[in-house]
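One structure is given here, and the rest of the page talks about it.
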Amino acid sequence: MAASIRISEEQSSTGLKVAIRIINAWRATPRQACKILRISPSTYRRISRGMNAGSRLDLDQQQRIGIVLSIHASMRTVFTNQANVQSFPGLKNNNSFFEGQSPLEVMAQGSFISLYGCSDQLAAQRWQAVICQAHSAIFLKTV
Numbered sequence: 001m002a003a004s005i006r007i008s009e010e011q012s013s014t015g016l017k018v019a020i021r022i023i024n025a026w027r028a029t030p031r032q033a034c035k036i037l038r039i040s041p042s043t044y045r046r047i048s049r050g051m052n053a054g055s056r057l058d059l060d061q062q063q064r065i066g067i068v069l070s071i072h073a074s075m076r077t078v079f080t081n082q083a084n085v086q087s088f089p090g091l092k093n094n095n096s097f098f099e100g101q102s103p104l105e106v107m108a109q110g111s112f113i114s115l116y117g118c119s120d121q122l123a124a125q126r127w128q129a130v131i132c133q134a135h136s137a138i139f140l141k142t143v
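Encoded structure:
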């Protein structure tokens, strides 16, 4: 059963601003940001200039924003250093999913599947980090 939660125009606009701020921190080009979020260059420019935009985003665009936020949350769990959180998406990755491309290059292909796949890969890394931290905590308690 698909979720049918409607978000307000204000929430939509705020989410877009945050997602663009995150993507810009990844050192994405404006073109890459537009492809990842499936927005027009004019919408990107308006948001980048601090103007209101994005109040009429469709469900696909809203989901893309949610995925970008999820990717950012995953990276903040995996990396404690903010510089790594920001630089990781631009680094080449030899994982079988990325095939030598950076996560940013894969996300910027523009398909929902490529964006979701990146999120899935990073979520797996997030859980590995959580498990390692839990194992370390257990080990330290027993020592």
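Numbering (UniProt numbering), first residue to last: 1 to 143.
For every residue, glycine included, the Cβ atom is placed at its ideal position computed from N, Cα and C.
This one's a predicted model, so the numbers in the text were calculated from it and none came from an experiment.
Note down, in chain order, each residue of its chain lying with its Cβ closer than 6 Å to the Cβ of residue i, except the 5 sequence neighbours on either side.
{"i": "Q61", "result": "R38"}
{"i": "A123", "result": "S74"}
{"i": "P103", "result": "P89, C118"}
{"i": "P30", "result": "Y44"}
{"i": "G15", "result": "I65"}
Is residue i helix, strand or coil when you go by DSSP?
{"i": "E99", "result": "coil"}
{"i": "I7", "result": "coil"}
{"i": "I36", "result": "helix"}
{"i": "G110", "result": "coil"}
{"i": "T29", "result": "coil"}
What does a CB cutoff of less than 7 Å around residue i pick up in its chain, not counting 5 residues either side in sequence?
{"i": "Q86", "result": "A25, W26"}
{"i": "I71", "result": "C118, S119, L122"}
{"i": "S114", "result": "V106, M107"}
Which same chain residues end up closer than 8 Å to residue i when comparing Cβ atoms and leaving out the 5 residues on each side of it in sequence?
{"i": "A19", "result": "L37, R64, I65, V68, L69"}
{"i": "N52", "result": "S13, R46"}
{"i": "D58", "result": "none"}
I believe residue i touches residue j by the beta-carbon criterion, under 8 Å. Please report the beta-carbon distance rounded to the nearest angstrom.
{"i": "Y44", "j": "A33", "result": "6 Å"}
ask   = What residue ranges within the stretch 44-100 form continuous beta strand (DSSP E) runs of no fewer than 3 residues, ordered along the chain?
value = none
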